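What follows is a single structure, written as structure tokens, with notes after it.
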Amino acid sequence: MSSPQSRTAKDAPALERHPLDGRKIAQDFPILKQKVHDKRLVYLDSAATSQKPYTVIDALNEYYHSSNANVHRGLHVLAERATEIYECARTRTSWFIHAERPTEIVWTKNATEALNLVAHGWGRRHLKAGDEVVVSRMEHHSNLVPWHLLAKDKGVVVRAIELNSDGTLRLEDLDRFLAGGKVKLVALTHVSNVLGTINPIAEIAKKVHAAGAVFAVDGCQGAPHLPVNVRDLDVDFYAFSAHKMLGPTGLGVLYGKYKLLEQMDPFLGGGEMIEEVRIDSSTYKAPPLRFEAGTPPIAQTAGHVAALEYLGKLGMANVRAHEKDLTAYALNRLKEVAGLKIFGPADPAQRAGVLTFELEQIHAHDIAQVLDSEGIAVRAGHHCAQPLHEWLGAPSSARASFYVYTHQDEIDALARGLEKVRKYFA
Ligand code: C6P
0 MSSPQSRTAK DAPALERHPL DGRKIAQDFP ILKQKVHDKR LVYLDSAATS
50 QKPYTVIDAL NEYYHSSNAN VHRGLHVLAE RATEIYECAR TRTSWFIHAE
100 RPTEIVWTKN ATEALNLVAH GWGRRHLKAG DEVVVSRMEH HSNLVPWHLL
150 AKDKGVVVRA IELNSDGTLR LEDLDRFLAG GKVKLVALTH VSNVLGTINP
200 IAEIAKKVHA AGAVFAVDGC QGAPHLPVNV RDLDVDFYAF SAHKMLGPTG
250 LGVLYGKYKL LEQMDPFLGG GEMIEEVRID SSTYKAPPLR FEAGTPPIAQ
300 TAGHVAALEY LGKLGMANVR AHEKDLTAYA LNRLKEVAGL KIFGPADPAQ
350 RAGVLTFELE QIHAHDIAQV LDSEGIAVRA GHHCAQPLHE WLGAPSSARA
400 SFYVYTHQDE IDALARGLEK VRKYFA
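Under numbering that gives the first Met the number 0, read the sequence shown as residues 0 to 425, first letter to last.
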């Protein structure tokens, strides 16, 4: 029998394409069955965090009932069981994104930590004053601030790709920066958490590599919603969070090409990541354990595997098709709301299930509050994307975001809710 470690993504069975029924899927999510303010909950905030199906909740429960122990350090049955769960989850995650091997998966606490690990572990070692890091106007703060910290410490220069008027990347900016010959790293989001824009990652990877630079991708809004094959995309790093893809909070993933991980310094020091410690020096384990100091999130990996299984059964191509259909429906349906302006590309093929909007002059927090009173959960604020909001010319916006359990009735409810908002503030 082949061990889980020896299986490659190529062995994964091809899944049939079939439409997803969001209403039926929602039955698997206990939290969605409740009422808020005496109204049926319409959860349109999945870009902030997704809800969890029974199987994920059960996996967490089961872990604490029967397997809880620390990993990699005990010889007893429970320690072995916990370690197997933890390491098998690494393998399953490598399959999910089609990494070459499980050792290319580093566990972190979230995508933010994963991106900081790239900046700290790779950036601090390989970048020097005057080297350039390219980001974009649409980045989440998690893919800006780590580079700002590096700029402060090392004199690295951060340059930003601006946006076309439809909210897509102005790729001429990237070409210009790369032609300058100083770019060592490009760090871009796969999908904007505000505009919903899906960036052409494979095309960008070719440009970045032709210029001899490294390409790090913030996949926080990509991995949950799109089929991701890191080898086809040819990205060097890909960061994401389990909690946005039906899994628990407290677990993040950094995928890195192994040869790059090997050339990285540890981020945190402590137990588990060492080979040998003397009183005045220490040596470190090989990746990925080099980057996993201290007791890691173990139960979370059990929940994360259940989430990957759930998504795997649906099929990521079907997840994408479902969200694209919902987005097309929403873009059309919400046109009926007078005064509503939706940001980002008009073509559903170019965007994920994230709709950020403004409604006349009504403050985003007021919109969210009135919608909440109707049982509709949306997010209001700058969504950790202040430079993007500067470009939008608004300090904040309201955002509705979809996932596998979202269905058309909920978009109709949003449209009706927005009509109420308008009347309320008329
Ligand atoms: N965006 C949102 O409501 P963490 O918090 O580390 O799991 O994810 C950070 C992050 C990084 N990149 C992108 C593109 C993101 O969307 C997020 C999280 C949430 O949009 C919380 S601000």
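Positions of the beta carbon are idealized from the N, C-alpha and C atoms, including for glycine.
Nothing here was measured: the structure is a model prediction, and the numbers come from that model.
Q. If we call anything under 7 Å between Cβ atoms a contact, is I160 one with L149?
A. For I160 and L149, no; Cβs fall outside 7 Å.
Q: Measure the C-alpha to C-alpha separation of V353 and A298 and round it to an integer number of angstroms.
A: If you take the alpha carbons of V353 and A298, they lie about 30 Å apart.
Q) Rounded to a whole number of angstroms, what is the C-alpha to C-alpha distance between S2 and R100? A) Low per-residue confidence applies at S2: pLDDT is 39, beneath 50, and the placement is therefore not dependable enough to give any value.
Q. Should the stretch 327-347 be regarded as contacting the stretch 400-419, the criterion being three or more beta carbon pairs within less than 8 Å?
A. Taking a cut-off of 8 Å on C-beta distances, the stretch 327-347 touches the stretch 400-419, as three or more cross pairs fall below it.
Q | The beta strand (DSSP E) enclosing T107, as first and last residue numbers | A | T107 -> beta strand (DSSP E) spans I104 to T107.
Q) Nearest-angstrom Cα distance between G180 and A210? A) Approximately 7 Å between the Cα atoms of the pair.
Q) Nearest to L170 by CA position, among K205, H147, G154 and L143, is which residue? A) Ranking K205, H147, G154 and L143 by Cα distance to L170 puts K205 first.
(Q) Please determine whether the Cβ atom of T111 lies at a distance below 6 Å from any heavy atom of the ligand C6P. (A) At least one heavy atom of the ligand C6P lies less than 6 Å from the C-beta of T111.
Q) Can the beta-carbon of L114 be found closer than 7 Å to that of S141? A) Against a cut-off of 7 Å, the Cβ pair of S141 and L114 comes out as a contact.
Q. Whose C-beta lies closer than 6 Å to the C-beta of F239 among residues of the same chain, with five residues either side of it excluded?
A. Counting only Cβ-Cβ distances below 6 Å, and skipping sequence neighbours, we find A110, G218, C219, A222 and V252.
(Q) Going by DSSP in three states, M0 sits in which element: helix, strand or coil? (A) Low confidence applies to M0: its pLDDT is 31, below 50, so where it sits in the model is not reliable, and the reading given next is rough at best. Residue state, collapsed to three classes: coil.
Q) Excluding sequence positions up to five away, which residues of its chain have a Cβ less than 7 Å from the Cβ of E409? A) Take E409, set aside five residues on each side of it, and the residues of its chain with a beta-carbon closer than 7 Å to its own are V41 and L43, in chain order.
Q: Please state whether DSSP places A241 in a helix, a strand or coil.
A: Helix.
Q.
Looking at A502: is its Cβ nearer than 7 Å to the Cβ of N163?
A. Summary: the structure shown does not reach residue 502, with the chain confined to residues 0 through 425, and so no result is reported for it.
Q) Where does K225 land, buried or exposed, given buried means 16+ other C-beta within 10 angstroms? A) First, the residue type needs correcting, since residue 225 is Leu and not Lys in the sequence shown. With 16 or more Cβ atoms within 10 Å of its Cβ, L225 is classed as buried.
Q) Between the C-alpha atoms of V157 and W146, what's the straight-line distance to the nearest angstrom? A) In this structure, the alpha-carbon of V157 lies about 7 Å from that of W146.
Q. Could you give the residue range of the alpha helix (DSSP H) that holds L413?
A. Segment Q407 to F424, the alpha helix (DSSP H) holding L413.
Q: Return the CA-CA distance between T54 and P247, expressed in angstroms with no decimal places.
A: So the two alpha carbons sit approximately 12 Å from each other.
Q: Confirm the yes/no value for this check: CB of H303, any heavy atom of the ligand C6P, distance under 6 Å.
A: No, since every heavy atom of the ligand C6P falls outside the 6 Å radius drawn around the Cβ of H303.
Q. According to the Cβ coordinates, are T294 and N69 closer than 7 Å?
A. For T294 and N69, yes; Cβs fall inside 7 Å.
Q: Please determine, among D37, P18, K340 and L126, the residue with the shortest C-alpha to C-alpha distance to D165.
A: Ranking the options by Cα distance to D165, first place goes to K340.
Q. Which of helix, strand or coil does DSSP assign to E274?
A. E274 falls in the strand class under three-state DSSP.
Q | R175 burial status per 10 Å Cβ neighbour count (16 or more: buried) | A | By the beta-carbon neighbour count (other beta carbons within 10 angstroms, threshold 16), R175 is exposed.
Q. Who are the near neighbours of K9 in its chain, counting only those whose CB is closer than 7 Å to its CB and skipping five residues on each side?
A. Because the pLDDT at K9 is just 44, under 50, the model does not fix this residue reliably, and the point stays unresolved.
**Q.** Among A186, M137, G154 and V105, nearest to A128 - alpha-carbon criterion
**A.** With respect to the C-alpha of A128, the residue from A186, M137, G154 and V105 having the closest C-alpha is G154.
Q) With 16 other CB atoms within 10 Å as the buried threshold, where does H242 fall? A) By the neighbour-count definition (other C-beta atoms within 10 Å, threshold 16), H242 is a buried residue.
Q) For R89 versus G374, is the C-beta spacing smaller than 7 Å? A) In this structure, the beta-carbon distance from R89 to G374 does not fall below 7 Å.
Q: State buried or exposed for H17, treating a residue as buried only when at least 16 other CB atoms are found within 10 Å of its CB.
A: Taking all protein chains shown into account, H17 has fewer than 16 neighbouring C-beta atoms within 10 Å of its C-beta and is therefore exposed.
Q) If we count the other Cβ atoms within 10 Å of its Cβ and call it buried at 16 or more, is G270 buried or exposed? A) Per the 10 Å Cβ criterion, exposed.
Q: Less than 8 Å between the CB atoms is what I'm expecting for H382 and R398, so what's the real figure, rounded?
A: That pair is a contact at about 6 Å.
Q: Give a yes or no on whether 7 Å exceeds the smallest Cβ distance from D346 to chain C.
A: No chain C appears in the structure shown, which is made up of a single protein chain.
Q: Check whether the Cβ of T188 sits closer than 6 Å to any heavy atom of the ligand C6P, and report yes or no.
A: Indeed, a heavy atom of the ligand C6P lies less than 6 Å from the Cβ.
Q. Grouping DSSP H, G and I as helix and E and B as strand, with all else coil, what is L162?
A. L162: strand per DSSP, three-state reduction.
**Q.** D402 - DSSP class collapsed to helix/strand/coil
**A.** Note on residue identity: the sequence assigns Tyr, not Asp, to residue 402. In this structure, Y402 counts as coil in the three-state DSSP scheme.
Q) Any idea what DSSP makes of L426, helix, strand or coil? A) Given a span of 0 to 425 for the chain in the structure shown, any question on residue 426 remains unanswerable.
Q.
If you reduce the DSSP assignment to three classes, tell me which class I297 lands in.
A. I297 sits in coil when the DSSP states are folded into three classes, being neither helix nor strand.
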